[in-house]
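Plus 575 on top of the position in the sequence shown (first one is 1) and you've got the working numbering. Note that beta-carbon positions come from the ideal geometry of N, C-alpha and C, so glycine has one too. Bear in mind the structure is a predicted one, so any value in this text is a computation, not a measurement. Here the structure is laid out as structure tokens; the discussion comes afterwards.
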Amino acid sequence: MYLDQRGFVRACCMNDSQLLGNVADARLIDIWRGEPAQELRRAMERHDFGLGCDYCAWQVERDRASTAFARWFDKLPVDSAMPEWPRQLELAISNTCNLQCAMCNGEWSSSIRSRRERLPPLEKVYDERFFDDLRDFIPHLKQVKLLGGEPFLAAETLRVLDLLVEVGTDATIHVTTNGTQWTPRAERVLDALPIDIAVSIDAATRATYESIREGASWDDLTRNLDLFAEKARQRGTWLSITFCLMTLNWHEFAEFCWMADDRGINCDVNTVMQPDHLSLFKLPAPELAEVVDGLDAIDAQHGARFGPSRRVWTAELDRLRRHLTDRSVGRTITNVDTHAPDTTMRSTFERSVQVHLATKGGDDPVEGRPADPAPRAPVAHDGPGHGDG
Numbered sequence: 576m577y578l579d580q581r582g583f584v585r586a587c588c589m590n591d592s593q594l595l596g597n598v599a600d601a602r603l604i605d606i607w608r609g610e611p612a613q614e615l616r617r618a619m620e621r622h623d624f625g626l627g628c629d630y631c632a633w634q635v636e637r638d639r640a641s642t643a644f645a646r647w648f649d650k651l652p653v654d655s656a657m658p659e660w661p662r663q664l665e666l667a668i669s670n671t672c673n674l675q676c677a678m679c680n681g682e683w684s685s686s687i688r689s690r691r692e693r694l695p696p697l698e699k700v701y702d703e704r705f706f707d708d709l710r711d712f713i714p715h716l717k718q719v720k721l722l723g724g725e726p727f728l729a730a731e732t733l734r735v736l737d738l739l740v741e742v743g744t745d746a747t748i749h750v751t752t753n754g755t756q757w758t759p760r761a762e763r764v765l766d767a768l769p770i771d772i773a774v775s776i777d778a779a780t781r782a783t784y785e786s787i788r789e790g791a792s793w794d795d796l797t798r799n800l801d802l803f804a805e806k807a808r809q810r811g812t813w814l815s816i817t818f819c820l821m822t823l824n825w826h827e828f829a830e831f832c833w834m835a836d837d838r839g840i841n842c843d844v845n846t847v848m849q850p851d852h853l854s855l856f857k858l859p860a861p862e863l864a865e866v867v868d869g870l871d872a873i874d875a876q877h878g879a880r881f882g883p884s885r886r887v888w889t890a891e892l893d894r895l896r897r898h899l900t901d902r903s904v905g906r907t908i909t910n911v912d913t914h915a916p917d918t919t920m921r922s923t924f925e926r927s928v929q930v931h932l933a934t935k936g937g938d939d940p941v942e943g944r945p946a947d948p949a950p951r952a953p954v955a956h957d958g959p960g961h962g963d964g
């Protein structure tokens, strides 16, 4: 289950059309067992990607079935058509964030929402009932992922971490952080729980980092990376750095990979689909060709420099080459050219009412609930071996 900052529940972060329910008007267990979730399970049994699974369909079509995003769930097998409890919770339940990243928006960063977009804060939808319900889920979980905003800053995600400590869990816990919040509370949580950490960086130099991640300090980042790395060594946990590969930073992709190799940590890549002007996948063929040629030149001149990051580098370069071939022949690319996030209040409200009726069994629209679910995050998670950033 994936829960977003407006209380909407989906099967995963990439499925933004098959809403399963909202915690504002349904108990979490009722959403898990509701008809929208059952409908999606039946579709999966038929290998039907039509209920919001267009991103994985696109990856499969592009000969990436072995590394498609859906592969993340292969290690979480189910033993029945109606599993009693979910094996994974992915919680992006707050947009509280101290940065204003170039590729982000106010749905995912409270700083952008207040300063750049001049909008009021998002409504708080995660109440005492939700956290009480969450207690019952924790013993059954195999994996918990915390992301969205800055988890080590957001009250909601910090409370989830405190609950995991209090209830106790054997689940693998993963936190995607911007790396700015090495605080006493964060350190206490890291001492109490074995947490895998992904630090979103998107650059390899001070100038690029601080221009993309507005409000961040390169000095703070590198210092905190050392602290996260030391904690990972102490706890035997996993640390990676992630890179949103886009028009602003592709020229530093190789240096980013080398940075990971030099530090002895993993590196991962996220696909940026929005905003359009930052996405390599939205570039016209001539502009994309310049990027691919530039990366090919780096590969030819400095290929021997890569260590374990060679796998990530090669996979992304191959993908861009294939995409350039598609662009050059004018092929329409599913999910890239055809996906348009639902930004209309009307269609979103109609879908949310349908979800409410299916999960609650009522006859009337819900009053006082969030009017529109959050659009798909600008950064798309990729398949296994890629980051959550």
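| field | Nonlocal neighbours in the same chain, by C-beta distance under 6 Å from A612, ignoring five residues either side | value | By one-based count along the sequence shown, residue 612 stands at place 37. Excluding positions up to five away in sequence, the list reads L595.
| Same chain, Cβ closer than 7 Å to R880, five either side skipped, listed in chain order | In the sequence shown, the residue the question calls residue 880 occupies position 305. Excluding residues within five positions, the ones whose Cβ falls inside 7 Å are W833.
| request: For my contact list, E853 and M821 are in at a C-beta cut-off of 8 Å; report their separation, rounded to the angstrom. | output: Residue 853 sits at position 278 when you count from the first residue of the sequence shown. Residue 821 sits at position 246 when you count from the first residue of the sequence shown. The question names Glu, yet the displayed sequence has Leu at residue 853. About 4 Å separates the beta carbon of L853 from that of M821, a gap short enough to meet the 8 Å contact definition.
| message | What does the Cβ neighbour count give for M576, buried or exposed, with the cut at 16 atoms within 10 Å? | response | Here the question's residue 576 lines up with position 1 in the sequence shown. M576 should be labelled buried.
| task | Have a look at F727, F705, S641 and S689 and flag the residue whose alpha-carbon is nearest the alpha-carbon of F583. | result | As a working note, residue 583 is residue 8 in the sequence shown. When each option's Cα is compared against that of F583, the closest is F705.
| What is the C-beta distance between G724 and C676, in whole angstroms, given that I count them as a contact (C-beta under 8 Å)? | On the sequence shown, position 149 is the one that residue 724 refers to. On the sequence shown, position 101 is the one that residue 676 refers to. Not quite, the Cβ-Cβ distance comes to about 11 Å (not below 8 Å), so this is no contact.
| Does the Cβ-Cβ distance between T812 and P769 come in under 9 Å? | Within the sequence shown, numbered from 1, the residue matching residue 812 stands at position 237. Within the sequence shown, numbered from 1, the residue matching residue 769 stands at position 194. A distance below 9 Å separates the beta carbons of T812 and P769.
| query | Who pairs with I772 in a beta bridge, going by DSSP? | reply | The sequence position of residue 772 within the sequence shown is 197, counting from 1. Paired residues: V750 and L814.
| Ends of the alpha helix (DSSP H) at R885? | Residue numbering aside, residue 885 sits at position 310 when the sequence shown is read from its first letter. Segment R885 to S903, the alpha helix (DSSP H) holding R885.
| task | Assign T755 to one of two classes, buried (16 or more other C-beta atoms within 10 Å of its C-beta) or exposed (fewer than that). | result | Position 180 of the sequence shown, counted from the first residue, corresponds to residue 755. That one is buried.
| For the stretch 773 to 813, which segments carrying the alpha helix (DSSP H) assignment without a break, of at least 4 residues, lie completely within its bounds, in sequence order? | 781 to 787 and 793 to 810
| request: Give the DSSP bridge partners of G596, in chain order. | output: For the purposes of this step, residue 596 is taken as the residue at position 21 of the sequence shown. In the DSSP output, where bridge partners are listed per residue, G596 has V584.
| query | Whose C-beta lies closer than 7 Å to the C-beta of A975 among residues of the same chain, with five residues either side of it excluded? | reply | The requested residue 975 does not occur in the structure, where the chain is confined to residues 576 to 964.
| request: Give me the Cα-Cα distance between Q718 and D737, rounded to the nearest whole angstrom. | output: The residue labelled residue 718 in the question sits at position 143 within the sequence shown. The residue labelled residue 737 in the question sits at position 162 within the sequence shown. Distance between the alpha carbons of Q718 and D737 is about 16 Å.
| Is V653 helix, strand or coil by DSSP? | Mapped onto the sequence shown, residue 653 falls at position 78. Correct three-state label for V653: coil.
| said: According to DSSP, simplified to helix, strand and coil, what is E692? | reply: By 1-based counting over the sequence shown, the position of residue 692 is 117. In the structure shown, E692 sits in coil (DSSP, three-state: anything other than H, G, I, E or B).
| task | Using the Cα positions of H956 and T846, report the straight-line distance between them to the nearest angstrom. | result | Taking the sequence shown and counting its residues from 1, the one referred to as residue 956 is at position 381. Taking the sequence shown and counting its residues from 1, the one referred to as residue 846 is at position 271. Residue placement at H956 is poorly supported in this model, since its pLDDT is 46, which falls under 50; the coordinates are not used for a value here.
| Which residues mark the beginning and the end of the beta strand (DSSP E) in which L721 is found? | As a working mapping, residue 721 is identified with position 146 in the sequence shown. Start and end: Q718 to L721.
| field | Neighbourhood of K720 by C-beta distance below 6 Å, restricted to the same chain and skipping five residues each side | value | Within the sequence shown, residue 720 is the residue found at index 145, counting from 1. Excluding residues within five positions, the ones whose Cβ falls inside 6 Å are E665 and H749.
| Thinking just about the alpha-carbon of each residue, which of N753, P714, A761 and W757 is nearest to the one in L739? | Position 164 of the sequence shown holds residue 739. Comparing Cα positions, the closest option is P714.
| Just checking, does the stretch 644 to 651 make contact with the stretch 618 to 634 on the three C-beta pairs under 8 Å criterion? | yes
| request: Please report the Cβ distance between L697 and Q580, rounded to the nearest whole angstrom; I am assuming they are in contact, meaning their Cβ atoms lie under 8 Å. | output: As a position in the sequence shown, residue 697 is number 122, starting the count at 1. As a position in the sequence shown, residue 580 is number 5, starting the count at 1. Rounded, the Cβ-Cβ distance is 6 Å, consistent with contact.
| task | Pull up the distance between the alpha-carbon of Q593 and that of G627, whole angstroms please. | result | Numbered from 1 along the sequence shown, position 18 holds the residue referred to as residue 593. Numbered from 1 along the sequence shown, position 52 holds the residue referred to as residue 627. Rounded to the nearest angstrom, the two C-alpha atoms are 6 Å apart.
| Cβ neighbour criterion (16 or more within 10 Å) applied to G609 | For this step, residue 609 is matched to residue 34 along the sequence shown. Buried.
| C832, DSSP secondary structure in three states | Reading the sequence shown from its first residue, position 257 is the one you call residue 832. In this structure, C832 counts as helix in the three-state DSSP scheme.
| Roughly how many angstroms lie between the CA atoms of A599 and R585, to the nearest whole one? | Locating residue 599 in the sequence shown gives position 24, counting from the first residue. Locating residue 585 in the sequence shown gives position 10, counting from the first residue. Spanning the two alpha carbons is a distance of roughly 14 Å.
| query | Is Q756 helix, strand or coil when you go by DSSP? | reply | For the purposes of this step, residue 756 is taken as residue 181 along the sequence shown, with counting starting at 1. In the structure shown, the three-state DSSP call for Q756 is coil.
| message | Once DSSP output is grouped into helix, strand and coil, what is the label at C631? | response | Here residue 631 corresponds to residue number 56 of the sequence shown, with the count starting at 1. Helix at C631.
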